[in-house]
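So our numbering is basically just the index in the sequence shown, starting at one, shifted up by 308. Note that beta-carbon positions come from the ideal geometry of N, C-alpha and C, so glycine has one too. In what follows, a structure is listed as structure tokens, so that the remarks can point back to it.
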Amino acid sequence: MFIYVAYKTIRLIEYNYLMHEVERMTWQSLKIEARDQPRDYWVQLLPLTSDDGRIIAKQAMILAQSIVKKNPGKIEPLRQLSRTATLAGRTDIAIDALSKIIERHPNYSLVWFELGMAYEQFAPSHTIEETVAYRADRSIRESILTSSIKQEWSLPVVDDRLLNWWSSTEKITRTVLIGEQLVIRTKITENKPILSFWIATLTDQAIMGQIIVDGSLVSVLNLTNTDLGWHYVQIDLTPWTEKTVDITMRSSSRQAGWADIQLIDRTETDCIRLDCLQRAVLAWQKGGFTAQDFLHAGMIAFQQKQYNESLLWYNRYIIIGHNDSDVWYHIGRVFEESGKWEKALNAYQYAIDRDEFVFVRKSTLYLHIGEVYHGNTLNPQYDKSFEAFVSALVINDFQEDQEKAQCYYRLGEIYWWRGDVDRAITYFQQTLKLNPYHDWANIRIGIAYFYRDKDLQTAKKYLLRAIEISPYNKWAYYHLGEMYRQVGDLLNASEYYRKSLEIDDQFIPAIEQLSLVNQIMLR
Numbered sequence: 309m310f311i312y313v314a315y316k317t318i319r320l321i322e323y324n325y326l327m328h329e330v331e332r333m334t335w336q337s338l339k340i341e342a343r344d345q346p347r348d349y350w351v352q353l354l355p356l357t358s359d360d361g362r363i364i365a366k367q368a369m370i371l372a373q374s375i376v377k378k379n380p381g382k383i384e385p386l387r388q389l390s391r392t393a394t395l396a397g398r399t400d401i402a403i404d405a406l407s408k409i410i411e412r413h414p415n416y417s418l419v420w421f422e423l424g425m426a427y428e429q430f431a432p433s434h435t436i437e438e439t440v441a442y443r444a445d446r447s448i449r450e451s452i453l454t455s456s457i458k459q460e461w462s463l464p465v466v467d468d469r470l471l472n473w474w475s476s477t478e479k480i481t482r483t484v485l486i487g488e489q490l491v492i493r494t495k496i497t498e499n500k501p502i503l504s505f506w507i508a509t510l511t512d513q514a515i516m517g518q519i520i521v522d523g524s525l526v527s528v529l530n531l532t533n534t535d536l537g538w539h540y541v542q543i544d545l546t547p548w549t550e551k552t553v554d555i556t557m558r559s560s561s562r563q564a565g566w567a568d569i570q571l572i573d574r575t576e577t578d579c580i581r582l583d584c585l586q587r588a589v590l591a592w593q594k595g596g597f598t599a600q601d602f603l604h605a606g607m608i609a610f611q612q613k614q615y616n617e618s619l620l621w622y623n624r625y626i627i628i629g630h631n632d633s634d635v636w637y638h639i640g641r642v643f644e645e646s647g648k649w650e651k652a653l654n655a656y657q658y659a660i661d662r663d664e665f666v667f668v669r670k671s672t673l674y675l676h677i678g679e680v681y682h683g684n685t686l687n688p689q690y691d692k693s694f695e696a697f698v699s700a701l702v703i704n705d706f707q708e709d710q711e712k713a714q715c716y717y718r719l720g721e722i723y724w725w726r727g728d729v730d731r732a733i734t735y736f737q738q739t740l741k742l743n744p745y746h747d748w749a750n751i752r753i754g755i756a757y758f759y760r761d762k763d764l765q766t767a768k769k770y771l772l773r774a775i776e777i778s779p780y781n782k783w784a785y786y787h788l789g790e791m792y793r794q795v796g797d798l799l800n801a802s803e804y805y806r807k808s809l810e811i812d813d814q815f816i817p818a819i820e821q822l823s824l825v826n827q828i829m830l831r
């Protein structure tokens, strides 16, 4: 008895020591990429990118595998294995470990989330940023030359290649094109040479299919009457690279349905075959996570200026099946704040084209399109920004008066730059009616009144109001100094130049004008 107790004690000490070592190495690998903060839990579920980090994570993974082998009944070693495998870039091992945990503890919400993340990582690493332009372009479906019927089918997946990985027994819904023959004209590119699609039938009849490229038979498909469900097919079209071809997809039955027809690169085939993104969605849903959870997480990351992280959350919102206009507005905001103007415009335009709004309004999108054209420091396009601001005001479905006020303000700026001072003042007045706390509208209208009427008192009233609203706006002090200088009051001009320099001692316009005023006063 004593020997048995001693043996068990030694085994427990060894187990705890090894688990501690795995934990230590895991945190060491995360620290290399500054991802060891507790608040960044979900970031710890993404593969490491540095070689040094991955080497340590792989060592931790190998140690965790040995612990799992010696302790097959324990859950915690499997958790550690899934975590280290993910960090090491071995998502397949992570999915296998998490699947074993779910099999024993199907109500473990956090593990469901991690399993969804693992399946997501199994997909190719195409980010929203890389696919924004693609989403706004025409899909291969729009290149179909023959007529077909479009329906929604819900069926199970046939031929699951990795039965030891978790997969839902729920049916998968896809949009299918039904017809004996589909003809698609498309260009085969070097980076996307694989024709990928799902085929199914709702009948119990055997179906034979053929794939023909420019008259050459390249594949024959046979579905028996026992194969009711989704069948995945991929065909290598490399011989036709950089050629525009007619792809004929022919079946022996009018009841065959073709779904998710697309050209992909080779790295995507395993993910699509396994429906990894569908599994990710189903895993998240099993854990009680919703699309709104992901959208909210993306918005929080955006507020914290963690733009790459916010894009990942918005991508999950789309993956889970909510590809609405609202999320593309939020994606556009990320690109706008990052100075990626073309991507921002693509996202905003895609949101407008989808016209599936929940909370966001179309006027808001046109406002931001205008802001992108207006604020692009490398290539401002004021005519296009003018059109966008006008469109926003014509639609007039703003959520807030502040947004409408901003449209009026930007139009006032454009009229000012065009030399139409009267209209500029009118639009600045409209701005201040809706938002009297708009500091720049107060500055601009004050400048405009002074320029047009030489009315220092009226101009001063607006500029002092701007200072009251935004006491650290150096331009308000500077322009007030300019007005005093132009009416010959050099003492007050000098005072306001100095006040602007108290805010920014490297403010060149104020430095130059203060030097000029001082020279005049010394004469």
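query: Specify the secondary structure class of Lys613 as computed by DSSP and reduced to three states.; result: coil
query: Rank Asp663, Thr734 and Gln714 by C-alpha distance to the C-alpha of Tyr723 and give the top, closest one.; result: Thr734
query: On the DSSP letters alone, give me the boundaries of the beta strand (DSSP E) that Tyr540 sits inside.; result: His539 to Asp544
query: Look at the alpha carbon of Thr598 and the alpha carbon of Glu721, and state the distance between them as a whole number of angstroms.; result: 43 Å
query: Give me the Cβ distance between Ala774 and Gly789, rounded to the nearest whole Å; I'm assuming they're in contact under 8 Å.; result: Ala774 to Gly789, Cβ: 13 Å. No contact.
query: Helix, strand or coil for Gly796, going by three-state DSSP, please let me know.; result: coil
query: Which word fits Thr399, buried or exposed, when buried means at least 16 other C-beta atoms lie within 10 angstroms of its C-beta?; result: buried
query: Could you tell me the boundaries of the beta strand (DSSP E) in which Gly565 lies?; result: Ala564 to Ile572
query: Buried or exposed, going by whether 16 or more other CB atoms sit within 10 Å of the CB of Pro501?; result: buried
query: Under DSSP, the beta strand (DSSP E) around Phe505 begins and ends at which residues?; result: Ile502 to Thr509
query: Taking the CB atoms as reference points, tell me whether Cys579 and Phe421 lie closer together than 8 Å.; result: no
query: Where Glu428 and Ile520 are concerned, what is the direct C-alpha to C-alpha distance, given to the nearest angstrom?; result: 33 Å
query: Taking the runs of the alpha helix (DSSP H) that are 4 residues or longer, which of them lie wholly in the segment 359-440?; result: 359-378, 384-395, 399-412 and 417-430
query: Along the alpha helix (DSSP H) that carries Lys692, what are the first and last residues, could you check?; result: Tyr690 to Ile703
query: For Leu371, which of Lys382, His328, Lys408 and Leu809 has the nearest alpha-carbon?; result: His328
query: Beta strand (DSSP E) containing Asp554: first to last residue?; result: Lys551 to Ser559
query: Please go through the same chain and pick out, in chain order, the residues whose beta-carbon is closer than 6 Å to the beta-carbon of Val330, but skip the five residues on each side of it.; result: Ala368, Leu371, Ala372 and Gln388
query: Are Tyr622 and Val635 closer than 8 Å when you measure CB to CB?; result: yes
query: Pick out whichever of Gln352, Lys382 and Lys551 has its Cα sitting closest to the Cα of Leu320.; result: Lys382
query: In the segment 619-651, which residue ranges form an unbroken beta strand (DSSP E) of at least 3 residues, counting only runs that do not cross its ends?; result: none
query: Could you check the C-alpha separation between Tyr658 and Leu701 for me, to the nearest Å?; result: 20 Å
query: Please indicate yes or no: does the CB of Ser633 lie closer than 7 Å to some heavy atom of the ligand FMN?; result: As far as ligands go, the structure on display features none, and thus does not contain the ligand FMN.
query: In whole angstroms, what separates the C-alpha of Leu356 from that of Ser390?; result: 14 Å
query: Using the Cβ count rule (16 or more neighbours within 10 Å means buried), how would you classify Lys551?; result: exposed
query: With DSSP as the reference, please indicate the residues paired to Ala687 in a beta bridge.; result: The identity of residue 687 in the sequence shown is Asn, whereas the question assumes Ala. Its beta-bridge partners do not exist; DSSP assigns none.
query: Using DSSP's beta-bridge definition, name the partner residues of Lys495.; result: Thr552
query: Over what stretch of residues does the beta strand (DSSP E) that includes Gly517 continue unbroken?; result: Ile515 to Val521
query: Pick out whichever of Arg793, Tyr785, Glu820 and Ile828 has its Cα sitting closest to the Cα of Ile811.; result: Tyr785
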